[in-house]
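Engineer: To start, I am sharing the structure in question, which I have written as C-alpha cells.
2 protein chains.
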Amino acid sequence: MWSLWPGRVINAGKSRHNEDQACCEVVYVEGRRSVSGVPREPSQGQGLCFYYWGLFDGHAGGGAAEMASRLLHRHIREQLKDLVEILQDPSPPPLCLPSTPGAPGSSDSSHLVGPQSCWSSQKEVTHESLVVGAIENAFQFMDEQMARERRGHQVEGGCCALVVVYLLGKVYVANAGDSRAIIVRNGEIIPMSREFTPETERRRLQLLGFLKPELLGGEFTHLEFPRRIQPKELGQRTLYRDQNMTGWAYKKIELEDLRFPLVCGEGKKARVMATIGVTRGLGDHNLKVCSSTLPIKPFLSCFPEVRVYDLTQYEHCPDDVLVLGTDGLWDVTSDCEVAATVDRVLSAYEPNDPSRYTALAQALVLGARGTPRDRGWRLPNNKLGSGDDISVFVIPLGGPGSYS
Amino acid sequence: MWSLWPGRVINAGKSRHNEDQACCEVVYVEGRRSVSGVPREPSQGQGLCFYYWGLFDGHAGGGAAEMASRLLHRHIREQLKDLVEILQDPSPPPLCLPSTPGAPGSSDSSHLVGPQSCWSSQKEVTHESLVVGAIENAFQFMDEQMARERRGHQVEGGCCALVVVYLLGKVYVANAGDSRAIIVRNGEIIPMSREFTPETERRRLQLLGFLKPELLGGEFTHLEFPRRIQPKELGQRTLYRDQNMTGWAYKKIELEDLRFPLVCGEGKKARVMATIGVTRGLGDHNLKVCSSTLPIKPFLSCFPEVRVYDLTQYEHCPDDVLVLGTDGLWDVTSDCEVAATVDRVLSAYEPNDPSRYTALAQALVLGARGTPRDRGWRLPNNKLGSGDDISVFVIPLGGPGSYS
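Protein chains in written order, with full-length UniProt numbering: chain A, 1 to 404; chain B, 1 to 404.
Take a look at the structure:
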C-alpha cells in the first residue's frame, strides 16, 4: 500500500493567505453494469482501485483550487467506470460499446464490435491510452462543472492542476499549468511534466488569435514584437514573429501593430493579454482583460499533458521518489537541487523509516522559502526565497509505504 | 571551402521517372544599400556567402520540386539581403529599421531605434534567430510564388523540401516534409530534423478542422476514429480522440461521425483527407480531395522547422558528416544503419580522399534500393527495397573539401 500522506507541506508560513490546495486519496472505481450488457454480481468485486495525488495552485481567488481538490478525482473515477472491465481484460479494447452501458435488454455481447469485424486497417488502441483519455476528459468535465456552478457556488479564480494517478502498475502524471513533477531515481532526474506558459504555448495562442481574430477584440495583435511598438515608429520596420515562426524578421509597422501583443514579456513576467502568466488550468471562466470586457478563457486550455511511467519496468529502491511541486518550489529550486536534497535528506534516515519522506517534503519547502534576514526571506545563496505559495508532494516509488 | 557535390545520387535506377530534385550552390548575398541609410561603396565587399544544399521530393508531378530546386535559395538570398550588415555587427540587432532601406534621404542612422531607446523589458533577439526567420519566410515566399505562377508556368504537384544553409559558422537545417537529416559525429547520431506527417501533425490538423469547420466541406469530421464508422453502428459508442487528446475515449456515435476522418491510417499509409501523406511542403495549390472540389492546401503548411548546429563548438574529424535523405532512404534504413554505413565506407578510404563522400552517398542509395532477386528488389535481410525515389546528400563536417 502507498502511504497516503508521504510528505506534503503547504504554505511556507510567510502569510496566512494561501491559494494552494492539495488532495490525496485512494479511490475505488465500481464498474458500471457490465459493458457487455450482462449484469454483473456486486459480489464479484471486479472494481478497480487507483491512488491519487493532486496539487492545485490557485490564482485570482481560491475557489477553483478548492473545488478541484474536492472533485477532480471523482471526475476521473466517473470516466474510468466504463473501463473497469476493459482494463482488466488483456485483449485489445473493443472499438464499439453498446449505447447505454448495462441498460437491461439494451444490448448483448454480440453488440461488441471487436477487431475481428473491422475493416482492413484498424488503429491499435492500448489500455494505457484509455486511461490517458479518461484523465484528459475528466479535466474537461471538471472545467465544465466550474463553468456551470460559478455563479451559485462562488467559484472564483482559476488553478493549475498537477495530478498523479497510480493504476494497474503505471503512474500517470497529468499537468495543466506551471507546476512540475520529476522522478529522482538512483540520483538520475526523469522529467514527468512540462510547464504551459505564454512562452511555451506562444504559437498555439498566436494561431488561435490568427484564426479567430474576433477573440482579440480589436485590442490585441496576434503578432509578437520584442517590445511594444510606439506610434511614432509607424512606417518603420520592426522585428516580429507570427504563429508560424520560431525566428524573427523585419516587417513594416502598420496601424494594427500598435495594438498590444497577445503574448508579451519573458520568463515569469510573460503574459497572455497582459493579464495571466499560465495558459492551462481549470476555472478562470470570468477572467477578463484588465479594464475591459474581453474574456481570456478562450485562450486557456483545461487539457493536461499526461505522461506515463511504468513502475514495473524497473526495480525501485527506497530512495527513488516522485516529487510534485507548485511553481513556488521550482521558481527558486532547480531539478538538480531537488535531487541533491532528496539524496541528503533520505540518507539521514533509515530506509524503512516512513517519516523520511515527510522530512524530505518539509526540507524542500523550507529550502525554497528561505529564512528571514536582510529585510526579506533569503536562501543560503542570499537570493530572495520564493514569495509564492509552496506545495510539495513526495511519493516514494520503492520504499516502505509505497505500493503493495 | 566546402566541396559542392560531396555525394549525391538521385534515382536508384528502377525507373526512368523521378520526382526528386536537388540543388547545391554557393550563394553570395550583396547587402542592400546600407540599412542605416548611408550608401555603401560596392568595393567595400561586405557581402555574405552561404553554402546551400536542397533536396526536393516531389509528388503529383515534378513541377514544384523543379521550381523549388531552381529558386528557393534565391528567396533565401533575398531575405538575407537586409541582414548583411546586421549579421556582421556583433551588437544586438536593431529593433527598428527605416522604412525603405537605403532609399536616398529616407532616413539616417538616428532612425535606428536600438535597445537603448526601448522600454524596460525588451526581448533579446539573436543573430541566429534572424537567419532562422529569413529561412522560414523564404519558404513562404517560394510557396506564394508557386501559387502565383501555377497557371502560366505549369507548376504541378508539390514537394517536400529539406534545405541546409551554412552561414557564419553555423549550419541551419530547415525541413518541411518527410525527408530527414542526421549528423553522424564520432559514431554518435544527432537528429537534425523531424518528419511532418498526418500522424505527427494530427492535433494541428484537427484543431484547424475544429476552428474552421467550413474547410471540411461537410465531407470530413475533425475527430479521429481507429477505423471508419459504419452506418449500422449509429447510436453505439466508439473510441475517438479530438484535437485536445493524446489518449482515447468512448463517445456515442452520431450522424456526423459517419463522415470520413480528416486524419486516418497509420505509418506510411496515414493520410490527410484520404489523399496526402505529408503535411508540410511547397506547392500543392491545386490539390483537391479525390472526386471532390474540396481543397487540401489549407491543411498543409509551407513552413519548415529549422534546427541550428554550431560548427565551431566541436572539433570535427573527417569522418563526421551530415546526411540528408528523402523518405526513399529512411523508409528502409534506420539512423543506426546509416551510421554503420558511414563508418564502413569512410574507413575504407584515406581520410583525405574527397571521393569517399561520394562513395558513401552511393552506398546509402544502393543499400536502400536493394538488388533484384525473388521477383523484386531485395535488401540483404530479404525485405523489399525502397520503391520510392532515393536521394542522398553527404556533407563532410571536418574533412577535406569541407569549410575553409
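Positions of the beta carbon are idealized from the N, C-alpha and C atoms, including for glycine. Nothing here was measured: the structure is a model prediction, and the numbers come from that model.
If you reduce the DSSP assignment to three classes, tell me which class residue 180 of chain B lands in.
Structural biologist: strand
Engineer: Please check if any C-beta of chain B sits within less than 8 Å of the C-beta of residue 330 of chain A.
Structural biologist: no
Engineer: Applying the criterion that 16 or more other CB atoms from any shown protein chain within 10 Å of the CB defines a buried residue, is residue 88 of chain A buried or exposed?
Structural biologist: Answer is exposed; the Cβ neighbour count stays below 16.
Engineer: Under 7 Å, CB to CB, which of the residues in the segment 227-254 of chain A have a partner in chain B?
Structural biologist: 227, 228, 233, 235, 236, 237, 238, 239, 241, 244, 245, 246, 247, 248, 249, 250, 252
Engineer: Is residue 159 of chain B closer than 8 Å to residue 324 of chain B when the C-beta atoms are compared?
Structural biologist: The Cβ-Cβ distance between residue 324 of chain B and residue 159 of chain B does not fall below 8 Å.
Engineer: Please state whether DSSP places residue 98 of chain B in a helix, a strand or coil.
Structural biologist: Of the three classes helix, strand and coil, the one that applies to residue 98 of chain B here is coil, per DSSP.
Engineer: Here's the rule I'm using: 16 or more other beta-carbon atoms within 10 Å means buried, otherwise exposed. How should residue 394 of chain B be labelled?
Structural biologist: buried
Engineer: List the residues of chain A that residue 130 of chain B touches, going by C-beta distances under 9 Å, in chain order.
Structural biologist: Around residue 130 of chain B, the beta-carbon contacts reaching into chain A at under 9 Å are 239, 247, 248, 249, 250.
Engineer: Please list, in chain order, the chain A residues whose beta carbon lies closer than 9 Å to that of residue 96 of chain B.
Structural biologist: 229, 233, 236, 237, 238, 239, 250, 253
Engineer: Apart from the five residues just before and just after residue 114 of chain A, which ones in its own chain have a Cβ nearer than 6 Å to its Cβ?
Structural biologist: Note that residue 114 of chain A scores a pLDDT of 36, beneath 50, so its modelled location is shaky and nothing firm can be said.
Engineer: Within 10 angstroms of its Cβ, does residue 384 of chain A collect 16 or more other Cβ (buried), or is it exposed?
Structural biologist: exposed
Engineer: Should the segment 135-154 of chain A be called in touch with the segment 71-82 of chain A, which here means at least 3 C-beta pairs below 8 Å?
Structural biologist: Contact holds: three or more Cβ-Cβ distances are below 8 Å.
Engineer: Mind checking who residue 56 of chain A pairs with in its DSSP beta bridge?
Structural biologist: A:21, A:161
Engineer: Would you report the Cα separation of residue 351 of chain B and residue 268 of chain A, rounded to the nearest angstrom?
Structural biologist: Cα to Cα, the separation comes out at about 51 Å.
Engineer: Considering only residues of the same chain and omitting the five flanking positions on each side of residue 387 of chain B, which have a CB-CB separation below 6 Å?
Structural biologist: Here residue 387 of chain B has no same chain residue with a Cβ atom under 6 Å from its own Cβ, once five neighbours each way along the sequence are excluded.
Engineer: Just grab the DSSP bridge partners of residue 248 of chain A for me.
Structural biologist: Per DSSP, none; premise fails for residue 248 of chain A.
Engineer: If we require 4 or more residues per run, which alpha helix (DSSP H) segments fall completely within the segment 200-228 of chain A?
Structural biologist: 202-211, all fully within the segment 200-228 of chain A.
Engineer: If the criterion is Cβ atoms closer than 8 Å, does the pair residue 82 of chain A and residue 250 of chain B meet it?
Structural biologist: Result yes, Cβ atoms of residue 82 of chain A and residue 250 of chain B sit closer than 8 Å.
Engineer: From which residue to which residue does the alpha helix (DSSP H) around residue 357 of chain A run?
Structural biologist: 355-369
Engineer: According to DSSP, residue 175 of chain B sits in a beta bridge with which residue or residues?
Structural biologist: B:162, B:305
Engineer: Can at least three beta-carbon pairs, one atom from the segment 21-32 of chain B and one from the segment 194-207 of chain A, be found at a separation below 8 Å?
Structural biologist: no
Engineer: Express the C-alpha separation of residue 176 of chain A and residue 168 of chain A in angstroms, rounding to a whole number.
Structural biologist: Spanning the two alpha carbons is a distance of roughly 23 Å.
Engineer: Which residues of chain B have a Cβ atom closer than 7 Å to the Cβ of residue 82 of chain A, listed in chain order?
Structural biologist: 250
Engineer: Counting only beta-carbon separations shorter than 8 Å, does residue 133 of chain A have a partner in chain B?
Structural biologist: yes
Engineer: Residue 253 of chain B by DSSP, collapsed to three states: which one?
Structural biologist: coil
Engineer: Per DSSP, which one or two residues make a beta bridge with residue 310 of chain B?
Structural biologist: Residue 310 of chain B pairs with B:170.
Engineer: Please list, in chain order, the chain B residues whose beta carbon lies closer than 8 Å to that of residue 137 of chain A.
Structural biologist: 245, 249
Engineer: Relative to the C-alpha of residue 162 of chain B, which candidate in B:361, B:302, B:347, B:377 has its C-alpha closest?
Structural biologist: B:302
Engineer: In chain order, what residues of the segment 373-390 of chain B put their CB closer than 7 Å to some CB of chain A?
Structural biologist: none
Engineer: Please state the DSSP three-state secondary structure of residue 125 of chain B.
Structural biologist: coil
Engineer: Put residue 194 of chain B into one of helix, strand or coil per three-state DSSP.
Structural biologist: coil
Engineer: Whose Cβ in chain B lies nearer than 8 Å to the Cβ of residue 303 of chain A?
Structural biologist: 244, 245
Engineer: Going by the DSSP bridge assignment, what does residue 93 of chain A pair with across the sheet?
Structural biologist: According to DSSP, residue 93 of chain A bridges with nothing at all.
Engineer: Examine chain A for any beta-carbon lying closer than 8 Å to the beta-carbon of residue 88 of chain B, and answer yes or no.
Structural biologist: no
Engineer: For residue 217 of chain A versus residue 130 of chain A, is the C-beta distance shorter than 8 Å?
Structural biologist: No.
Engineer: Is the segment 220-236 of chain A in contact with the segment 258-267 of chain A, if contact means three or more CB pairs nearer than 8 Å?
Structural biologist: Three or more beta-carbon pairs drawn from the segment 220-236 of chain A and the segment 258-267 of chain A are found closer than 8 Å, and the two stretches are therefore classed as touching.
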